[in-house]
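Novice: Number 106 in the numbering used here belongs to position 60 of the sequence shown; there are no gaps in the numbering. Quick one: structure below, then a few questions.
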Amino acid sequence: MRLPGRYDGVARPIVTYGSNPVLHRSCAPVTEFDRPLRHLLLDMFASMEAADGVGLAANQIGVDARIFVIDCPDADGEDVVGYVVNPTLTILEPVGDEPAEETTEEGCLSVPGPYAELPRAFRARVDGVDVHGDPMSIEATGMAARCLQHEVDHLDGTVYVDLLTEEHRERLLAEAAGPGGDLPA
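Here you go:
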């Protein structure tokens with residue numbers, strides 16, 4: 047699951063909310079498992095790192111493809127690092143005394159700046175394939191589970207602010223735009 051030199055790609059600009067239609071529609075499944083896909087993955091890791099993010103979906107760099115990368119701590123503080131091509135999300139039942147969901151602050155590289163409290167499942171799994179088309183899964187808890195859900199939402203055309211009330215979303219988008227107001231709504 048780990049890619050050698052995963053941060054050796056080229057950082058690409060992050061697409062902001064409303065600036066590119068690819069961010070607001072369901073992404074196309076990946077059908078070719080070739081060198082350009084591996085280069086895209088490296089560029090995605092580099093883009094996430096350059097933007098100081100913990101996850102990144104392909105459409106956040108303007109690419110219409112069902113793939114995301116993650117480098118995010120789980121509930122135990124262990125880093126979950128990897129990627130999934132053509133992921134499907136499964137919300138998992140809590141184990142032991144884990145909560146079913148938790149509400150914490152969530153942000154997004156495509157809505158730079160503001161955060162909002164948002165409930166998400168505490169435990170989640172994504173199943174998909176790797177760069178060779180072989181089956182793989184990532185299961186996570188806590189913030190990493192939140193990240194899995196957030197990135198799959200991106201691939202389905204949903205940005206976290208879309209899950210908020212219209213008033214709250216408009217306030218956050220205005221905050222993200224800053225004084226110049228250059229972030230489209």
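Built from N, CA and C at the ideal position, the CB exists for glycine as well. As the structure is a prediction and not an experimental result, all values here were calculated from the model.
(1) In whole angstroms, give me the CA-to-CA distance for L218 and R81.
(2) Drop a sphere of 10 angstroms on the beta-carbon of T150, count the other beta-carbons inside from all chains shown, and report buried for 16 or more, exposed for fewer.
(3) Can you name, in chain order, every residue of its own chain whose Cβ lies under 8 Å from the Cβ of R171, other than the five neighbours on each side?
(4) Suppose the cutoff is 8 Å on Cβ atoms and the five residues either side in sequence are ignored; what does the same chain contact list for Y161 look like?
(5) Using 10 angstroms around the beta-carbon of H85, count the other beta-carbons present and answer buried if the total reaches 16, otherwise exposed.
(6) Identify every run of the beta strand (DSSP E) within the segment 77-162, keeping only runs that are complete inside it and at least 3 residues long; order them along the chain.
(7) Nearest to M94 by alpha carbon, out of G188, A121 and Y129?
(8) What is the C-beta distance between A121 and A96, in whole angstroms, given that I count them as a contact (C-beta under 8 Å)?
(9) Specify whether the segment 62-79 and the segment 107-114 touch according to this definition: at least 3 beta carbon pairs, one from each stretch, less than 8 Å apart.
(10) Would you decide whether I60 is buried or exposed? Buried here means 16 or more other CB atoms lie within 10 Å of its CB.
(11) Are V126 and R169 close, meaning C-beta to C-beta below 8 Å?
(12) Mind checking which residues open and close the beta strand (DSSP E) that includes A74?
(13) Can you tell me where the alpha helix (DSSP H) holding G188 begins and where it ends?
(14) Following the continuous alpha helix (DSSP H) through A57, name the residue where it begins and the one where it ends.
(15) Is it buried or exposed, R48, if we count other Cβ atoms within 10 angstroms and call 16 or more buried?
(16) Can you give me the Cβ contacts of G203 inside the same chain, cut-off strictly under 7 Å, excluding the 5 residues immediately before and after it?
(17) Just the Cα atoms here: how many angstroms apart are P181 and E212?
(18) Considering just the uninterrupted stretch of the beta strand (DSSP E) at D173, what are its terminal residues?
(19) Please state the DSSP three-state secondary structure of R48.
Specialist: Answer, in terms of the structure:
(1) 38 Å
(2) Burial is judged here by how many other beta carbons sit within 10 angstroms of a residue's own beta carbon; T150 has fewer than 16 and is exposed.
(3) Excluding its 5 nearest sequence neighbours in each direction, R171 has C-beta neighbours in its own chain below 8 Å: L135, T136, L138, S183, I184, E185, A186 and L194, listed in chain order.
(4) Cβ neighbours of Y161 within its own chain (closer than 8 Å, five residues either side excluded): E151, E152 and G153.
(5) Classified as exposed, H85 has fewer than 16 neighbouring CB atoms from the shown chains inside 10 Å of its CB.
(6) Taken in chain order, the unbroken stretches of beta strand (DSSP E) that lie wholly in the segment 77-162 and span 3 residues or more are 101-103, 113-119, 125-137 and 147-154.
(7) Y129
(8) Wrong, their Cβ atoms sit about 27 Å apart, outside the cutoff.
(9) Yes, the segment 62-79 is in contact with the segment 107-114.
(10) buried
(11) no
(12) From DSSP, A74 is part of no beta strand (DSSP E); its letter is neither H nor E.
(13) G188 to L201
(14) No alpha helix (DSSP H) holds A57; DSSP gives it neither H nor E.
(15) Reliability fails at R48, whose pLDDT of 41 lies under 50, so the model's placement of it is uncertain and the value that follows must be treated cautiously. R48 is exposed by the Cβ-count criterion.
(16) H70, R71 and S72
(17) 38 Å
(18) R169 to V175
(19) At R48 the pLDDT is 41, less than 50, meaning the model places this residue with poor confidence; the figure from the coordinates comes in the next sentence. If DSSP states are grouped into helix, strand and coil, R48 belongs with coil.
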